[in-house]
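Just so we're aligned, residue -17 is where the sequence shown starts under my numbering, counting upward by one. For reference, the structure discussed in these notes is given below.
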Amino acid sequence: MPNNENSSSDALQLGPRKRPRSTDPLVHHGRHFGRSIHALCNVHALINNGIIHMGECSEEPEEVFSAQERREHKVFLSLLRSVPGLEERIMTTDSEEEIHGIASLLQKGASSARSDDTKSLKSSIIDWLLPAARNMKVDRGFNHERTGALLCPAGVDWADAEIKEKLRTGEFSVSGDQWPIFLYGSYKYDDENPWQGLLQSAILVKTFKHIFTSPSSVDREAKATRSGNARIHGMTSARFALSSSSVFNRTDTTTDSERFYNSILELLEDPDETSEVNNLLAWWNRQVFPNYTANSRPVSKNSALAKIKAKRAAAKRALQNANTNA
């Protein structure tokens, strides 16, 4: 019999501690980018087009670029601002391989964040609605009375048996820009005032809290620190969680997630909708930040801020007096 004394001894020992594997910081930045700036983005194309825009096309007037190109470049600039040192790194390197590596790490982070969020929401969102059907994806989407009613396009009558059957069989194909009723407060849609209640539903608020604070914060006051497109990311995740699709795919023709996401962004970025968007942001701030007030509060007397402002005002008066006497 062979002598296995050494191997047996090794097997019964804990052995050397393995060094923890570290994650490249760009992956963490990618997670932030995917959650709070743009959820469904081809980072490789975004960076390549951004380099061209800032390089060989830098002298071109903005009017030369299409609305889509300007939107894309705005996202690219947001990416640069969110990752310290990224602009210098990609604009000074001559290595396409390095740029590809950077984009891959950022894409990995964005994709993993979306995967983590949709996976955790898949169970939680049904717990909020249908506790008994938690892990049964087939019972979601238009296959279930409750989730079907929430996914039914605004303005379409879910109570109509013929429409319901066509939605379930796929004969009635819902495109991404036909927004589901669950986006609306109280799940009610006013055809005469389609802005009324838009993006103000209880499911969206719970989804936002679940992702950006913690799952346990859903029924408590939120103390989140993120805003803007982060709320839209949650909306996309909630729509997927309610659907009967088992795998998230931004180009899936059944859920049409990419068109859904972009159609909402286009509305929110439309200059003609500024007043409604500002009102919507104020509503969200009240939901997310318990102490939010739309009007600025007066500065407390004898506070450090009050003294800084007073000192600055005195310096300005002194400068004005000096200019007047000169």
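For every residue, glycine included, the Cβ atom is placed at its ideal position computed from N, Cα and C.
Check	Outcome
Continuous alpha helix (DSSP H) stretch holding isoleucine 163: start and end	Here isoleucine 163 belongs to no alpha helix (DSSP H), and DSSP marks it neither H nor E.
DSSP three-state assignment for asparagine 305, whether helix, strand or coil	helix
Leucine 247 - partner residues in DSSP beta bridges	Looking at the DSSP assignment, leucine 247 forms no beta bridge with any residue, so it has no partner.
Leucine 301, buried or exposed, once every other Cβ within 10 Å from all chains shown has been counted against 16	exposed
Euclidean distance between Cα positions of alanine 288 and alanine 295	11 Å
Local Cβ density within 10 Å of serine -10, reported as buried at 16 or more and exposed below that	With a pLDDT of only 48 at serine -10, under 50, the local geometry of the prediction cannot be trusted, and the value read off the model is given with reservation. Exposed, because fewer than 16 other Cβ atoms sit within 10 Å of the Cβ of serine -10.
Residue(s) in a DSSP beta bridge with proline 135	Pro162
Start-to-end residues for the alpha helix (DSSP H) that takes in valine 65	Per DSSP, valine 65 belongs to no alpha helix (DSSP H) and is neither H nor E.
When Arg71, Val57 and His126 are compared against glutamate 251, the one with the closest alpha-carbon	Val57
Secondary structure of leucine 180, DSSP reduced to three states	strand
Cα-Cα separation between glutamate 45 and histidine 55, rounded to whole angstroms	13 Å
Three-state class that DSSP yields for lysine 191 in the structure shown	helix
Unbroken alpha helix (DSSP H) run spanning serine 97, endpoints	78 to 111
Rounded C-alpha distance that separates isoleucine 193 from lysine 101	11 Å
Euclidean distance between Cα positions of leucine 22 and glutamate 240	7 Å
DSSP-derived helix/strand/coil call for threonine 75	coil
Glycine 32 - DSSP class collapsed to helix/strand/coil	helix
Own chain, CB closer than 7 Å to alanine 223, minus 5 neighbours either side, in chain order	Thr100, Leu103, Lys104 and Ile107
Beta-carbon proximity of histidine 26 to alanine 92, cut-off 8 Å	no
Nonlocal neighbours in the same chain, by C-beta distance under 8 Å from serine 16, ignoring five residues either side	The displayed chain sequence assigns glycine, not serine, to residue 16. Counting only Cβ-Cβ distances below 8 Å, and skipping sequence neighbours, we find Cys23, Gly91, Ala92, Ser93, Ala95, Arg96 and His215.
Any 3 or more C-beta pairs closer than 8 Å across the segment 255 to 271 and the segment 123 to 138	no
Distance, serine 183 Cα to alanine 204 Cα	Note on alanine 204: pLDDT 49, under 50, position unreliable in the model; the coordinate value appears next. Near 16 Å, if we compare the C-alpha coordinates of serine 183 and alanine 204.
Rounded separation between serine 168 and leucine 186 - CA only	11 Å
The alpha helix (DSSP H) enclosing threonine 256, as first and last residue numbers	256 to 270
Valine 156 versus valine 270: straight-line alpha-carbon distance, rounded	31 Å
Selected residue, minimal CA-CA separation from leucine 249, among Ile290, Asp159, Ala304 and Pro280	Asp159
First and last residue of the uninterrupted alpha helix (DSSP H) at alanine 143	143 to 151
CB of leucine 111 within 8 Å of CB of threonine 129, strictly	yes
From Met36, Thr75 and Ser196, residue whose alpha carbon lies closest to that of glutamate 51	Met36
Through-space distance from histidine 11 to arginine 208, alpha-carbon basis	The pLDDT assigned to arginine 208 is 48, lower than 50, so where the model puts this residue is not dependable; a value taken from the coordinates is nonetheless given after this. Arginine 208 and histidine 11: Cα-Cα distance of roughly 14 Å.
Three-state class that DSSP yields for phenylalanine 154 in the structure shown	coil
Alpha helix (DSSP H) segment containing phenylalanine 15, residue limits	7 to 18
Beta-carbon spacing of leucine 132, phenylalanine 164 below 8 Å	yes
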